[in-house]
Amino acid sequence: MNKPSDLGRDTQLVTRMIITMLLLGIVYGFFLWFLLSIVGTVFMLGFAVVLVLFQFAMSDKLVLTSMKAKVVSSEEAPELHEMIDRLSLAAGIPKPKVAIAEMQVPNAFATGRSQKHAAVAVTTGLLTLLNKRQLEGVLAHEISHIATRDVQVMTYASFLSVVASTLMSMFFWSSMFGGMGRSRENNTHSYMMLAYLVTIVVWVVSQVLIAALSRYREYSADRGASQLTGRPMDLAEALQKISGSLTGLPKQDLRRAETINAFFIMPAVGDGFARVFSTHPPMTRRIEKLQFLDQELKD
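Just so it is clear: in the sequence shown, position 94 is 93 by numbering that gives the first Met the number 0, and no numbers are missing.
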């Protein structure tokens, strides 16, 4: 029987992630060149960059606050801390903060700008739904995200996408109040409208690529969880339970969860309105891959 660490790398998955990052780099390179060549966008770009840097520095606190997740001590949640201790040690990373969100939506997420400033949070709905082995599989998935620095990777990948989103809002409100200018002599209005349209296109394309990268990294975290626990099917069973329990939950909890859908182990509101924008792979496909990993361990 192979050890969990003998599962090796998924070369095809790694290749897809590299190609996606390269495509993002091309899109962002064009975007920066275009913005810097348009008169009047340098200030907007600088403001947006400062805003994104602030969000990155405060990411763990902002996400935990938005989900109303409370950091708990080992005395308050001894079993949860014991699992996180064991998995963090196996993954070779500093132990992240442990938090619990009072929500009936069963889910978990990892956040933080670095391995030293990370947190793993679970909802009360998840603690109620899963048994210990299944819960450990979910926590191993989140620890894998931290170990492979997925939070940082996705933050870097979405950096200019967030900038584009901020600029879109600025351009919109500027046009509403006449800030784009309407001088026919210097064509300022035409330039700014062109910048607005290009920003929208860049944002849409980047969202598609970021969603694809997120889906690939979910597969990678599933594989990492299998390596940490040696029990891929515990995670597969947890995913099935979570997926089957999302109907009939309070709409308020679902709306709150939707705001950070990309951070969760499973999308809180399904696969989204279009597959290309979905941050998570289909649950059935993830389970198929986990079954394959389980078979590899048994051979």
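We put the CB at the ideal spot given by N, CA and C, even for glycine.
Taking the alpha helix (DSSP H) that T283 belongs to, which residues open and close that run? Run containing T283: M282 to K297, per the alpha helix (DSSP H) assignment.
Using beta-carbon positions only, say whether I92 and G223 come within less than 9 angstroms of one another. No, the Cβ-Cβ distance between I92 and G223 is not below 9 angstroms.
Look at the Cβ atom of A156, then the Cβ atom of V201, and state whether they are nearer than 9 angstroms. No, they are not a contact pair.
Under 6 angstroms Cβ to Cβ from T19, same chain only, skipping five residues before and after it: list those, please. The residues are L208, A211 and L212.
Around the C-beta of N106, are 16 or more other C-beta atoms found within 10 angstroms, so that it is buried, or is it exposed? N106 comes out buried.
Given this structure, state the Cα-to-Cα distance separating H144 from L88, to the nearest angstrom. Put simply, the backbone Cα of H144 is about 14 angstroms away from that of L88.
What residues in its chain sit with their C-beta under 8 angstroms from that of Q239, if we drop five residues either side in the sequence? These residues qualify, in order along the chain: M282 and I286.
What ranges does the beta strand (DSSP E) occupy inside the region 81 to 107, keeping only unbroken runs of at least 3 residues that lie completely in it? Entirely contained in the region 81 to 107, the beta strand (DSSP E) runs reaching 3 residues are, in chain order, 96 to 100.
Run through the DSSP bridge pairs and tell me what T110 is partnered with. Beta-bridge pairing links T110 to A118.
Please identify the residue among T147, P231, L292 and R112 whose C-alpha is closest to the C-alpha of E135. Minimum Cα distance to E135 is reached at P231.
What does the alpha-carbon distance come out to for the pair F30 and V197? Cα to Cα, the separation comes out at about 8 angstroms.
Opening and closing residue of the beta strand (DSSP E) in which V275 lies: Taken as a continuous stretch (DSSP letters only), V275 belongs to no beta strand (DSSP E), as it is neither H nor E.
Nearest-angstrom Cα distance between A146 and T110? If you take the alpha carbons of A146 and T110, they lie about 12 angstroms apart.
Determine the extent of the beta strand (DSSP E) in which V70 is found, giving its start and end residues. Counting along the chain, the unbroken beta strand (DSSP E) around V70 starts and ends at A68 to V70.
So the alpha helix (DSSP H) L312 belongs to, where does it begin and stop? With the chain covering 0 to 298 only, the question about residue 312 has no answer from this structure.
Which whole-angstrom value describes the C-beta separation of E101 and T123, a residue pair presumed to lie in contact below a C-beta threshold of 8 angstroms? The C-beta distance from E101 to T123 rounds to 6 angstroms, short enough to meet the 8 angstroms contact threshold.
On a Cα-Cα basis, can you pick out the residue from V119, Q114, I99 and K115 that is closest to F108? Answer by Cα proximity: V119.
Counting only the same chain and skipping the five closest in sequence on each side, list residues whose C-beta sits under 7 angstroms from that of D293. When the five nearest sequence neighbours on each side are left out, the beta carbons in the same chain lying within less than 7 angstroms of the beta carbon of D293 are those of P231 and M232, in order along the chain.
State the Cα-Cα distance for the pair R284 and R216, rounded to the nearest angstrom. Computed Cα separation, rounded: 14 angstroms.
From the DSSP output, in three-state form, read off L129 for me. Coil at L129, not helix or strand.
Classify S313 as buried or exposed, calling it buried when 16 or more other Cβ atoms lie within 10 Å of its own Cβ. The first residue shown for the chain is 0 and the last is 298, placing residue 313 beyond what the model contains.
Quick one: what's got a C-beta closer than 6 angstroms to A139's C-beta in the same chain, skipping five residues either side? Hits under 6 angstroms: L86, A224, L227 and T228.
Residue of R214, S242, G243 and V161 minimising C-alpha distance to V203: Looking at the Cα atoms, V161 is the closest of the given residues.
Could you have a look at S65 and say whether DSSP puts it in helix, strand or coil? Three-state DSSP puts S65 in a helix.
Using a Cβ-Cβ cut-off of 8 angstroms (strictly less than) and excluding sequence neighbours within five positions of M16, which residues of its own chain qualify? Same-chain partners within the cutoff: L212, Y215, R216 and S219.
Span separating the alpha-carbon of K288 from that of A68: When rounded, the separation of the alpha-carbon atoms in K288 and A68 is 31 angstroms.
Flag this pair as yes or no: are the beta carbons of V71 and L63 separated by less than 9 angstroms? No, they are not a contact pair.
How about L234 and V137: do their beta carbons lie closer than 9 angstroms? Yes.
Measuring only the C-alpha atoms, how far is D270 from F276? Annotation note: pLDDT 48 at D270 (below 50); position unreliable, coordinate value reported separately. Each residue's alpha carbon lies about 9 angstroms from the other.
Out of curiosity, what's the CA-to-CA distance linking R350 and D298? Summary: the structure shown does not reach residue 350, with the chain confined to residues 0 through 298, and so no result is reported for it.
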